[in-house]
Amino acid sequence: MCGEVLPIHRTNGLISACGLPRALYRVPVSGELVTFVDQPKNNFDHHKISTRVSETPHGRLSTRQLVGYSSFLAGYSIHRFLLARSMSNDTKTHKLYIETVGCQMNMLDSEMVVASLRREGYELSDNVGDADTILFNTCSVREQAENKTYSALGRLRAEKKNHPHKIIGVMGCMAQKDQKLIFQRAPYVDLIVGPGQLKEIPSLIQKARTDGGQHTAVGLGRTAGKVADIKRSHETFDPLRDPTMRPTPFQAFLRIQIGCDKFCTYCIVPMTRGPEQGRSPKMVFDEAKILAEQGCKEITLLGQTVNSYKHVADDGTTTRLADLLYQLHEINGIERIKFVTSYPKDMGYELLTAVRDLKKVSPYLHVPLQSGSDAVLKRMKRGYTVGDYREMMARINETLGDAAAISSDFIVGFCGETEEEFQETVDLVKECRFKNSFIFKYSERPGTKASDQLPDDVPFLVKKRRNNELLNVQNQISEEDNQKFLGETVEVLVEGPSKRTDADVNDLSNGQPISEGTPMQLTGRTHCDRIVVFDGTTRLVGQTIPIGIYEVAAFTLMGTVITDHVASGPVVSLKG
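Count along the sequence shown from 1, add 48, and you get the number used in our numbering.
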């Protein structure tokens, strides 16, 4: 039975895992069939060379054998290989169902977990009933996200009773925050795993399956030990990637920062994700190269306050986000680089200059303001004033000009927010004219300073009214500012069928698979992160193409593909 495929390369005559730490690379065991595969860059017509691993004192592939295979393959001038390890035919194939709620960090975490479980022979299932392993990747930023997870767990009570062999696990921020409370509310849950312990999931699942019982692996609390120990307990294991878990195969998230030290009074993230720490730039660069080799064209760098990124090497060398962008810009195959989410006071000229000068780096900047009132910002402990935010906007406009596309976050109805303070937010939104804004009603989170020290005294209906009012103001601004794109041509990375096409897919295909040539509405994004919809076929997916814009709305640009027709004369642009 064919197993997973791991990328490897030659280094000084040895074969090693491409971009992966040694601990993540399993050397084949004795008796296992090893297939080296020549992988041409643009097709899958591989040349395979197979051999079975011979006995060694430890039942492992020896260095001599690795060198021998490398020398043998060198005669074919092969520079990239795949190591396909077979799995025993009598090995049971486990099926995994995973459900993810929350931010981009959670989406990335789920990708890592799926990749690690695929290495153990797991297959993905979209049906809870078919799966023998069920994982929930959770969020604690808002109460609604937690309620959704607990409701989902409640629906599994009968499933676990009828099928006690099934493993149910809760991972992520809610797992780190609630810990044993989850066992109390859902005693049939087998695993609780924090964001920093995701690498332990395969072994914990196996332990629960063979030994039974409940198992917990979570990071240390912010005051539970030495800072170095606390940081280590929240580290992640990003090198494992699985393209099938991404929104599209051409776009990927890449974590460059872990944790947060801002301690805003409303936010639980510093407690669930641990202290802020920047990943090694070499590790980030190597992972980006893996993504490029997998066909990824756009990477989005992730961090809770991503523009605060800082890494100090053992030799004292300091790398900031601007330095990292210059390094990543040199990777062939990567066409676009974005980064989210940014902190206002760390948006300096050095970073903005890099955004301006590096053509691959998107001028889209997501910089949460949260409130337009200094009094509210102080209660939130945001660490800046409205004046600081205005100065940041001036730096952006001075450096990037009209190319900049700025979005923001807002919390309405925060503790003690008056009508006058809310109006200050409305006025500042009108002044800043954000591309778009994500607006949320304040949700009190247990374990935060606001929950302990500030009363949640704004009535729900008032929060709802303010949310709708601010949303209407932002939508009007977005639609007005999108008018400048009418009649313009924009470069769009095609992501796939639009939501409308997804809804109508059965009508399009009459229940049959859709062919490559079937016309449908597609969607993609510009370099400044604006959504564009247009008619085309699936052959365009993954390409960056010119689109002429003929209609705009608050959230979407509508356009048509611009094609070049080469005749006996000069190139003539045609719309249609």
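Even for Gly, the Cβ is constructed at its ideal location relative to N, Cα and C.
Remember, it's a predicted structure, so these values are computed and weren't measured experimentally.
A direct Cα-Cα distance of roughly 10 Å separates Ser390 from Tyr357. Judged by DSSP in its simplified three-state form, Val332 adopts helix.
Put simply, the backbone Cα of Gln245 is about 24 Å away from that of Ile347.
Per DSSP, Pro212 is not a residue of any beta strand (DSSP E), being assigned neither H nor E. Around the beta carbon of Ala206, fewer than 16 other beta carbons sit within 10 angstroms, so the residue counts as exposed. Annotation: Ile487 to Asn210 spans about 42 Å, alpha carbon to alpha carbon. For Arg303, the beta-bridge partners assigned by DSSP are Leu350.
Beta-bridge analysis with DSSP links Ser485 to Ser456.
Sequence-distant Cβ neighbours of Phe311 in its own chain, meaning closer than 8 Å and more than five residues away, are Pro318, Lys429, Lys497. Per DSSP, reduced to three states, the secondary structure at Leu413 is strand. Remark: C-beta atoms of Thr574 and Glu536 do not approach each other more closely than 8 Å.
Between Arg321 and Gly307, the beta carbon gap of about 5 Å places them in contact (Cβ cut-off 8 Å). When the Cα atoms are used, Thr433 and Lys330 turn out to be separated by approximately 35 Å. In the structure shown, the three-state DSSP call for Lys255 is helix. Nearest to Arg438 by alpha-carbon distance, out of Met395, Leu373, Leu406, is Met395. Taking all protein chains shown into account, Arg548 has fewer than 16 neighbouring C-beta atoms within 10 Å of its C-beta and is therefore exposed. With respect to the 8 Å criterion, Ile595 and Thr586 are not classified as neighbours on the basis of their beta carbons. For Arg384, the beta-bridge partners assigned by DSSP are Glu346. Gln569: not part of any alpha helix (DSSP H); member of the beta strand (DSSP E) spanning 568-573, first to last residue. Taking a 10 Å sphere around the C-beta of Asn175, we find fewer than 16 other C-beta atoms and assign the residue as exposed.
When DSSP reads this structure, Val218 sits in a beta bridge with Phe184, Ile240.
The three-state secondary structure of Thr433, taken from DSSP, is coil.
Judged by beta-carbon spacing, Tyr397 lies within the 8 Å limit of Thr447, meaning their Cβ atoms are closer than that value.
When Cβ pairs closer than 8 Å are counted between the two stretches, the region 378-389 is seen not to touch the region 188-195, the count staying below three. Here the region 415-428 lies against the region 475-485, with 3 or more beta-carbon pairs under 8 Å apart.
Counting other Cβ atoms within 10 Å of its Cβ, Glu467 stays below 16 and is therefore classed as exposed. Taken through DSSP and simplified to helix, strand or coil, Phe582 comes out as strand. Gly326 sits in a strand when the DSSP states are folded into three classes. Cα atoms of Ala256 and Val218: separation of roughly 13 Å, rounded to the nearest angstrom. A direct Cα-to-Cα measurement between Leu518 and Val162 gives close to 39 Å.
Counted as a single uninterrupted DSSP element, the beta strand (DSSP E) harbouring Ala265 occupies residues 263-265.
For Glu527, the closest C-alpha among the options Ala601, Lys407, Val266 is that of Ala601. A direct Cα-Cα distance of roughly 8 Å separates Glu543 from Leu570.
In the DSSP annotation of this structure, Ile379 is not part of any beta strand (DSSP E), being labelled neither H nor E. Among the bridge pairs identified by DSSP, Gly607 is matched with Ile597.
Rounded to the nearest angstrom, the Cβ distance from Phe458 to Val424 is 10 Å, too far for a contact under 8 Å.
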